[in-house]
């Protein structure tokens, strides 16, 4: 006869429940405490620029034009629309970016910040 230890099913269920709860709480804390996200889950404009745009548009890259200069206030709305259309549809050597790469809220914030020239100091960062 073999020596076996029997563990009550309720104890196994409790252990699994505790592990699952701990995992869920850890995941929730990791997601909600990320410094690069806003309350809505959208990244800040400077972060989007660093992660997506600066690979080609930073001043030390000769791929795309510098896009961090401020536009005249009267032209900012037109430029925001132009930037949004260009990001979504692409243009010349610039690829189109999907909603999974830049959300609609992130794109609106990014285009507004670019049109106002708020990201000029971020253009040299990598």
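Residue numbers (this note's numbering): 1 to 126. C-beta: ideal position from N, C-alpha, C; glycine also.
Between the CA atoms of residue j and residue i - distance to the nearest angstrom
i           : j           : result
residue 17  : residue 45  : 40 Å
residue 118 : residue 89  : 24 Å
residue 115 : residue 26  : 39 Å
residue 72  : residue 100 : 31 Å
residue 107 : residue 54  : 15 Å
residue 126 : residue 74  : The predicted model places residue 126 with a pLDDT of 41, which falls under 50 and marks its position as unreliable, so this point remains unresolved.
Three-state secondary structure assigned by DSSP to residue i
i           : result
residue 98  : coil
residue 130 : In this structure the chain extends from 1 to 126, so residue 130 is not present and cannot be described.
residue 59  : coil
residue 120 : helix
residue 71  : coil
Residue i - containing alpha helix (DSSP H), residue span
i           : result
residue 80  : 76-89
residue 115 : 104-116
residue 47  : 45-48
With 16 other Cβ atoms within 10 Å as the buried cut-off, status of residue i
i          : result
residue 22 : exposed
residue 61 : exposed
residue 19 : exposed
residue 85 : exposed
residue 9  : exposed
residue 98 : exposed
residue 63 : exposed
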